[in-house]
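Participant: If you read the sequence shown in full-length UniProt numbering, its first letter stands for residue 1, the second for the next number, and so on.
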Amino acid sequence: MPDKPKVAFYWCASCGGCEESILDLAEDLLLVMDAVSLVFWPVALDFKRKGLEAAPDGSIWMTLINGAVRTSEQEEMARLFRRKSQILVAYGACACLGGIPGLANQFEREQILRYVYEETPTVVNEGKTRPLPEYQEDGRATTLPTFRNLVRALDQVVEVDYSLPGCPPTPKLLKEAVLTLLSGRLPPKGAVLAPDIALCDECPRKETKPADLGIAELKRPHQTRLDPENCFLAQGVVCIGPATRGGCEGLCIRGNM
1 MPDKPKVAFY WCASCGGCEE SILDLAEDLL LVMDAVSLVF WPVALDFKRK
51 GLEAAPDGSI WMTLINGAVR TSEQEEMARL FRRKSQILVA YGACACLGGI
101 PGLANQFERE QILRYVYEET PTVVNEGKTR PLPEYQEDGR ATTLPTFRNL
151 VRALDQVVEV DYSLPGCPPT PKLLKEAVLT LLSGRLPPKG AVLAPDIALC
201 DECPRKETKP ADLGIAELKR PHQTRLDPEN CFLAQGVVCI GPATRGGCEG
251 LCIRGNM
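1. Could you pull the DSSP bridge partners for S85 from this structure?
2. Report the partner residues of N256 according to the DSSP bridge assignment.
3. If I measure Cβ to Cβ from G58 and keep anything under 6 Å in the same chain, skipping five residues before and after, which residues do I get?
4. Just list the alpha helix (DSSP H) runs in the stretch 83 to 147, keeping only unbroken ones of 4 residues or longer that don't cross its boundaries, in chain order.
5. One question on the structure: do W11 and I60 come within less than 9 Å of each other, judged by their Cβ atoms?
6. Counting Cβ pairs, one atom from each stretch, are 3 or more of them under 8 Å apart for the stretch 139 to 148 and the stretch 71 to 82?
7. Look at C200 and G92 and say whether their C-beta atoms are less than 9 Å apart.
8. Are there 16 or more other CB atoms within 10 angstroms of the CB of G214, so buried, or fewer, so exposed?
9. Who are F9's beta bridge partners in DSSP?
10. Would the stretch 114 to 125 and the stretch 44 to 51 be scored as touching if the rule is three or more Cβ pairs under 8 Å?
11. Please confirm if the stretch 231 to 240 is in contact with the stretch 193 to 212, defined as three or more CB-CB distances below 8 Å between the two stretches.
12. Can you give the Cα-Cα distance for G247 and P169, rounded to whole angstroms?
13. By the 10 Å Cβ neighbour count, where 16 or more other Cβ atoms means buried, how is M77 classified, buried or exposed?
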């Protein structure tokens, strides 16, 4: 029996939702796991970095990395996985574009550290103590990753073969992407593994979308009784469906949000 393709999954600066999306495959998870050999997924199983470092370069068929890159350790792991992997996929909005963590780039590194460790109302830190890259005590050194100046998307750190967007990617998109790559029918390098359509095209309310997208009066969702059947734009509520890539199945819209 031929060896199964080796797959790795890793997170950087993320919320954990992309990890949960793997489990959201439900019974299809068994189908995917039967087709591959999982060699690294520290959130779920006890893998060690030294084992990854010892693996031959290019020995992992595919690695999916979620989360943006903020710390020195995250950058090191991204470079390590790039070296060990034949295919590297930016998985989820944060890895693809920076996502919510990327909003931190509106502030200087010093501003963030000062607010978190000194100025937040719930913090009691009279000594203004902050984490240090290295701490010495009794002749022993304890180290922490360095907090970089900027948040970066994965492709700003290493070369990425494919992107799978979503917050998080839906089980349908994940399953289709993995099975497509396993089939050997590789899309062009740099491809986005999601539908090339706007969210409006798969919206359950698309039949009520106005031809003229101009809004005469803007309404706040929490101050308006929203019609669950009609397009938000037709109701004067801002919706960025026309500028959002499809593939998320319109989960927010289905929840009338």
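The C-beta atom is built at its ideal place from N, Cα and C for all residues, glycine as well.
Facilitator: Once the coordinates are examined:
1. Counted from its first residue, the sequence shown places residue 85 at position 85. Among the bridge pairs identified by DSSP, S85 is matched with I60.
2. The residue labelled residue 256 in the question sits at position 256 within the sequence shown. Note: N256 sits in no beta bridge, so no partner.
3. Within the sequence shown, the letter at position 58 stands for residue 58. Excluding positions up to five away in sequence, the list reads Q86.
4. 93 to 97 and 109 to 114
5. As a working mapping, residue 11 is identified with position 11 in the sequence shown. As a working mapping, residue 60 is identified with position 60 in the sequence shown. Not closer than 9 Å, so no.
6. yes
7. Taking the sequence shown and counting its residues from 1, one reaches residue 200 at position 200. Taking the sequence shown and counting its residues from 1, one reaches residue 92 at position 92. No. Outside cutoff.
8. Position 214 of the sequence shown, counted from the first residue, corresponds to residue 214. So G214 ends up on the exposed side.
9. In the sequence shown, residue 9 corresponds to position 9, counting from 1. L64.
10. no
11. yes
12. Residue numbering aside, residue 247 sits at position 247 when the sequence shown is read from its first letter. Residue numbering aside, residue 169 sits at position 169 when the sequence shown is read from its first letter. Rounded to the nearest angstrom, the two C-alpha atoms are 8 Å apart.
13. To locate residue 77, count along the sequence shown from 1; it is residue 77. Buried is the call here.
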